[in-house]
Structure formats: structure tokens, C-alpha cells
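Here's the structure, in C-alpha cells; my notes come after.
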Amino acid sequence: RTGQLFPTGKPNEVIDGVNVTCIDCAIPMILLEAEAIGVSGFETAAELNGNKALLERLERLRIAAGERMGMGDVSNQVTPK
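The following block contains the structure:
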């Protein structure tokens, strides 16, 4: 946990071409629009879990967001979500 609502100091920013909000409200997380990563938001869990390219992109976003949030290398952590 970062101790700040907006750990990057900004409510919105761009990571890897995607508009995101990095927020720490109980647990560090990033918020983004589904369409920004090429999905509708109505996919099933099986469809999302079967989309390897999507999962890899989300992991890159998560790792970059963790660094910007001051959490360091989060590649072996479960947060930010």
C-alpha cells in the first residue's frame, strides 16, 4: 500500500497508450476502459483467460503502473490489481 489515493500524483495518465487511473483505496489498482485494451467488457471469464495477448498486455500495464505508483518491481506481487 502506498498511503496515497493517487500514488502517481495524477488522477489520470497514459501507460502503454492506454488511459488509466492508478488508485490506492484499500488496495492498489489501476482502472481503465475495456475498449482501450480491445475488449467490450462483456466477455466471459473463459474468453478473457484464453486471450494470451490480452493477459500479457494487462501484465505489462500492471508492472508499469506499479513502478509509477512507487511500488517498485511488482512482477512477483499480486498488487496492483
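Going by the numbering used here, the residue at position 28 of the sequence shown is 28; the numbering climbs one at a time, nothing skipped. Think of the CB as a built atom: it goes at the ideal place given N, C-alpha and C, for glycine as much as any other residue.
About 7 Å separates the beta carbons of Gly-38 and Leu-54, which is inside the 8 Å limit, making them a contact pair. Taken in chain order, the complete beta strand (DSSP E) segments of 3 or more residues contained in the stretch 8 to 42 are 13 to 15, 18 to 25 and 27 to 32. Counting along the chain, the unbroken alpha helix (DSSP H) around Leu-58 starts and ends at 52 to 68.
One Cα belongs to Ile-15, the other to Lys-81, and the distance between them is close to 15 Å. By the Cβ neighbour-count rule, Thr-44 is exposed, with fewer than 16 other Cβ atoms within 10 Å of its own. Here Ala-36 has Val-18 and Asn-19 as same chain residues with Cβ atoms under 7 Å from its own Cβ, once five neighbours each way along the sequence are excluded.
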